[in-house]
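Here's the structure we're looking at; comments come further down.
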Amino acid sequence: MDMAAPRRIKTTCPYCGVGCGVIAEISANGDVAVRGDPNHPANFGRLCSKGSALAETIGLDDRLLTPTVDGERASWDSALNLVAGRFADTIRDHGPDSVAFYVSGQLMTEDYYVANKLMKGFIGSANIDTNSRLCMASSVAGHRRAFGSDTVPGCYEDLELADLVVLTGSNLAWCHPVLYQRLAAAKEKRPRMKVVLIDPRRTATADIADLHLPIKPDSDVVLFLGLLRYLARCGSIKRRYIGAHTSGFKEALQSAEMLDLYDLVRRTGIPAATLERFFALFAATEKTVTVYSQGVNQSTSGTDKVSAIINCHLATGRIGKPGMGPFSVTGQPNAMGGREVGGLANMLAAHMNIEDAEHRDRVQRFWRSPTMASKPGPKAVDMFRAVADGRIKALWIMATNPAVSMPEAENVEAAIRTCPFVVVSDVTAATDTARLAHVLLPAAAWGEKSGTVTNSERRISRQRSFLPLPGEARPDWWIVCEVAKRMGHADAFTYGSAAEIFAEHAALSGFENGGARDFDIGALAATDGDAYDALEPFQWPHPLGSASSARMFADGRFFTADGRARFVDVQAPAVAQIAPAFPLTLNTGRVRDHWHTMTRSGKSPRLSQHCAEPYVELHPHDAARHHVADADLVRVSTGLGAILVRALVSPRQQPGTIFVPMHWNDQFASRARVDALATAITDPISGQPALKSVPARIERFVAATYGFCVLRHKPPTIDAEYWAIARCSSGWRIELALAAPPEDWSAFVTGLLAGDAPVLSAYHDPHTGHRRFAAYAGGRLSAALFFAPEPVAVARDWAVEQLGASCPGRYARVAVMAGRPANGTVDRGATVCACFGVGTNEIAAAAARGCTTVAAIGDALQAGTNCGSCRAEIRNILDARRAPATASAREAVTTI
Ligand SMILES: Nc1nc2c(c(=O)[nH]1)N[C@H]1C(S)=C(S)[C@@H](COP(=O)(O)OP(=O)(O)OC[C@H]3O[C@@H](n4cnc5c(=O)[nH]c(N)nc54)[C@H](O)[C@@H]3O)O[C@H]1N2
Ligand SMILES: Nc1nc2c(c(=O)[nH]1)N[C@H]1C(S)=C(S)[C@@H](COP(=O)(O)OP(=O)(O)OC[C@H]3O[C@@H](n4cnc5c(=O)[nH]c(N)nc54)[C@H](O)[C@@H]3O)O[C@H]1N2
Ligand code: SF4
Ligand SMILES: [Mo]
854 MDMAAPRRIK TTCPYCGVGC GVIAEISANG DVAVRGDPNH PANFGRLCSK GSALAETIGL
914 DDRLLTPTVD GERASWDSAL NLVAGRFADT IRDHGPDSVA FYVSGQLMTE DYYVANKLMK
974 GFIGSANIDT NSRLCMASSV AGHRRAFGSD TVPGCYEDLE LADLVVLTGS NLAWCHPVLY
1034 QRLAAAKEKR PRMKVVLIDP RRTATADIAD LHLPIKPDSD VVLFLGLLRY LARCGSIKRR
1094 YIGAHTSGFK EALQSAEMLD LYDLVRRTGI PAATLERFFA LFAATEKTVT VYSQGVNQST
1154 SGTDKVSAII NCHLATGRIG KPGMGPFSVT GQPNAMGGRE VGGLANMLAA HMNIEDAEHR
1214 DRVQRFWRSP TMASKPGPKA VDMFRAVADG RIKALWIMAT NPAVSMPEAE NVEAAIRTCP
1274 FVVVSDVTAA TDTARLAHVL LPAAAWGEKS GTVTNSERRI SRQRSFLPLP GEARPDWWIV
1334 CEVAKRMGHA DAFTYGSAAE IFAEHAALSG FENGGARDFD IGALAATDGD AYDALEPFQW
1394 PHPLGSASSA RMFADGRFFT ADGRARFVDV QAPAVAQIAP AFPLTLNTGR VRDHWHTMTR
1454 SGKSPRLSQH CAEPYVELHP HDAARHHVAD ADLVRVSTGL GAILVRALVS PRQQPGTIFV
1514 PMHWNDQFAS RARVDALATA ITDPISGQPA LKSVPARIER FVAATYGFCV LRHKPPTIDA
1574 EYWAIARCSS GWRIELALAA PPEDWSAFVT GLLAGDAPVL SAYHDPHTGH RRFAAYAGGR
1634 LSAALFFAPE PVAVARDWAV EQLGASCPGR YARVAVMAGR PANGTVDRGA TVCACFGVGT
1694 NEIAAAAARG CTTVAAIGDA LQAGTNCGSC RAEIRNILDA RRAPATASAR EAVTTI
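Structure below.
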């Protein structure tokens, strides 16, 4: 046996903006294990369910390993020549604004830097925008309006030091789980710390909230105007601070004064006493942090929401000091890095301003570039409109999947389809966008590439490669530079490594800066390969000759022309009118264990068990009104189209609103791309789409046949009106429904088996209409298929476990056909704890045996004791035993 010690490489998690440090351990036989880096200041060793399952996502199945041109394998040289040639020809014939890049907060800073440099400084257009437009644009605009710069003032420690943490439009427990755990641990240690959650839904984050305000969608501006008015009335504002360090307070307060308590109650839907409780708590608590995310940003009033929040912090002088400040948490691992390099169409590199001639001149001199974009380019929604109407004729999409994640996804897909030349750089060809590309370029994935990323607290960390480049995959920065060289810009793009790009980026940030610009990492400008390899996580700013800073603005100096922060005079937005045809408000967002369009998390069996199907969550009143029962299939429609998803009836949803996760797409479900339903209405300032409130309606979908299957192999096609597929440890699990029963059952089942072992057992009850099929290979179950005229009653997670298990005896086979465990074996129920594979039934059983706290469940079953991401759900199950109305999301989605 090879006893060689495993290699240990420190890197950063590629999922969310918390930016946790990860240690990858590569054993001598090549197996990879990941654990949290105990020394990384973002997570101190913790990881959430997604970070913990990273090793399951690095396999090469589904990977794109060679360039392809029109579906045919091509050499790098020919593919790069083609891309460079077509871009150059298009620019020659139609000008620089006829080409565009659509990039991503999942690129590394070095990739992003060269893409932006090529487009703005060498092609001479600002036709580069990023999926951060869908994500952080309102925060960027709000920061710049108030501070004169896109600066996040605080750091993670502030959440631990605060006496009040207000979470608005953020499901921190599921979307920034390690930061949430840090907050939960601090609160446990210091119970007088208070947490307030502001979210139309009662999410898992409510678990630690002392107060939840289930506000009406998009009433945040009104709520924070009300808070400002209250602060002024009760004497909690800091006149001296306002006088010395800000401007515009009087006007902002005047607008807030226009709303009285009656307006506040009516518009937010929150009773006066509850509003008063929140306001009084805010007024009385000096150490207050307000954390916000997509419930704030993704709105037609997104920028105003940010301003309304910042106004309250400026009015109380609570900014830049320990335990205080407005805190926009970033979503993607490198949303921040993208902002630093100026990847948005209305920014320039190193936080410089594209509308400022002096800034443009400075960047051009630094780059020694032949040209420079002179005006902002179109923001994402407009960029795809320009693709649709032919103004943009060559498009390069990198590390993002707009056919799924952009609003009006069908239109975006059609636009890409009609574009004369489309290049997609991705790690897989199995995406709804990649299938539309003329040229597909194989990018190196996490673990294979090196670079830096910046997390929500301005902390720059290294991603380090620990795996060889598979096939012909190459890092994104290399791909961009090769195209740039072939477009005639060899001098400016001849980098030997990511380290060289990083050093140039750092040098530009310090170039003619002298404290005038917030983003300055000039201290790193001399970083060479060795220093880059050894680079420890650090926070910007870090100018040459100065230490790095954890907080900004403590001195009351801002990056506006007069150095003062600006209050923004925000007005209450008009109330959205409800159209009778679409009486519900569709809200969209994330689930705990999936990541965006599922290209990574969908590969992990563990992560795929938590929510195995797309669903719509709706309140029992709306369910009753629309004759929908829990676990029915539901058609959700808007003016743009319809999707088909499972109903999850739950009082956590507020009446009149429904919630659908953003993740599912054509690779994982028949029709569940929710962005096909979302209208591309944007915030007028930031251009960020309002993805959280779309008028919609629902109808029950009545199927003739419902099915559930576990299969070793993925069927090439599934011939059903509704299907959803998820990976499980030994294969795949599929939910399906048909409008009419198959004409030929045998052909239908054979189609699903995809050449697998033939069916050995079949059962049909003509009385109930139930049909069951099972196939065995080598004494092991290779497929089990269950069909019924009503939603199939099968113990899902138990059935999943039987796949690949040996089924030696008659009893085991009878149990499979029955769809539930034989006497004496346990049905664990739907997975709650992804780390230890503990299900709802096991937790409920332990609770019945007397384990009534989350800690006791942990002692008994280990559930919740590794990453802790499921603790809120465990508590929900325990609570549900006390109050049956609050059944866990999990149970309803997959346990029928
Ligand atoms: N598990 C998981 N984690 C992720 C991601 C993922 O895909 N999966 N993606 C990452 C990315 S890129 C991002 S941007 C972040 C997003 O992180 P979050 O913003 O926390 O996540 P979302 O689920 O998009 O939305 C947050 C909440 O906003 C609420 N909301 C909707 N409308 C309103 C409103 O009008 N006002 C208020 N106050 N709240 C409202 C929604 O009900 C929802 O619970 O997550 C990151 N982390
Ligand atoms: N309805 C609705 N829509 C939303 C949102 C919402 O809340 N509701 N949220 C929005 C937000 S905040 C975001 S951030 C977006 C996210 O939306 P997307 O960016 O479209 O989502 P991902 O699935 O993360 O896409 C990343 C792509 O990059 C590929 N990839 C991974 N690593 C690499 C790499 O190293 N190099 C290259 N070249 N490719 C790589 C992946 O395979 C995948 O295809 O969705 C937005 N859309
Ligand atoms: S919180 Fe989870 S997903 Fe986010 S960086 Fe940390 S381990 Fe990764
Ligand atoms: Mo995001």
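Residue numbers in the sequence shown follow the working numbering, run continuously in steps of one, and reach 1749 at the last position. Think of the CB as a built atom: it goes at the ideal place given N, C-alpha and C, for glycine as much as any other residue. A quick note: this is a predicted structure, and the numbers were derived from the prediction, not measured.
Annotation for Asp-1052 indicates a beta carbon within 6 Å of some heavy atom of ligand 1. A straight-line Cα-Cα distance of about 8 Å links Gln-1147 and Met-989.
One alpha carbon belongs to Ala-1556, the other to Thr-1056, and they sit about 31 Å apart. Taken from the Cβ of Gly-1349, every heavy atom of ligand 4 lies 6 Å or farther away. Bounds of the beta strand (DSSP E) holding Ala-1637 are 1633-1641. Around the beta carbon of Tyr-1664, fewer than 16 other beta carbons lie within 10 angstroms, which makes this residue exposed. The beta carbon of Val-871 sits closer than 6 Å to at least one heavy atom of ligand 3. Counting only runs of 3+ residues, the beta strand (DSSP E) found wholly inside the region 1233-1275 occupies 1247-1251, in chain order. At a Cβ-Cβ threshold of 7 Å, Ser-1072 and Thr-1143 do not count as neighbours. A direct Cα-to-Cα measurement between Asn-1694 and Gly-1682 gives close to 5 Å. Judged by DSSP secondary structure, Asn-1440 falls within the beta strand (DSSP E) whose first and last residues are 1437-1442. With respect to Gly-1190, Asn-969 sits apart: the two C-beta atoms are not nearer than 7 Å.
Distance from the Cα of His-1516 is smallest, within the candidate group Ser-1461, Ile-1374, His-1474, Pro-1644, for Ser-1461. Assignment of Ile-1431 by DSSP, reduced to helix, strand and coil, places it in the coil class. Going by DSSP, Leu-1606 is part of the alpha helix (DSSP H) stretching over 1598-1606. Under the 10 Å beta carbon count, Val-1428 is surrounded by fewer than 16 other beta carbons and is classified as exposed.
Ser-991 is not a Cβ neighbour of Ser-1546, given a cutoff of 7 Å. Leaving aside the five residues that flank Ala-1137 on each side, the residues in its chain whose CB is nearer than 8 Å to its CB run, in chain order, Ser-1089. For Trp-1576, the enclosing beta strand (DSSP E) stretches over residues 1575-1581. When the beta-carbon positions are compared, Ala-858 and Phe-1319 stay at least 7 Å from each other.
For Ala-1337 against Leu-971, the beta-carbon gap comes to about 5 Å, under 8 Å, which counts as contact.
Gly-1304 and Gln-1507 have their C-alpha atoms roughly 43 Å apart. With a threshold of 6 Å, the Cβ atom of Gly-1442 counts as near ligand 2, since some heavy atom of the ligand is closer than that.
Note on geometry: alpha-carbon atoms of Ala-1252 and Thr-1004 lie some 25 Å from one another. Annotation for Gln-1151 indicates a beta carbon at 6 Å or more from all heavy atoms of ligand 4. Judged by pairs of C-beta atoms under 8 Å, the region 1376-1390 touches the region 1339-1357, as three or more such pairs exist. Assignment of Asp-982 by DSSP, reduced to helix, strand and coil, places it in the strand class. For the alpha helix (DSSP H) assignment, the uninterrupted runs of no fewer than 4 residues enclosed by the region 1436-1485 are, from N- to C-terminal side, 1458-1463, 1473-1478. For Arg-1633 and Ala-1593, the gap between their C-alpha atoms comes out near 32 Å.
Between the alpha carbons of Leu-1114 and Leu-1025 lies a distance of about 29 Å. Contact check between the region 1150-1165 and the region 1412-1432: three or more CB pairs, one atom from each, fall below 8 Å, which counts as touching.
In the structure shown, Ser-1362 adopts helical secondary structure according to DSSP, grouped into three states.
For Tyr-955, the enclosing beta strand (DSSP E) starts and ends at 952-956.
If the five residues before and after Ser-1309 are omitted, its C-beta is found closer than 6 Å to the C-beta atoms of Gly-870, Val-1182, Thr-1183, all from its own chain and listed in chain order.
Listed as beta-bridge partners of Ile-1162 by DSSP are no residues whatsoever.
Taking non-hydrogen atoms of ligand 2 into account, the C-beta of Cys-988 is found less than 6 Å away from one of them.
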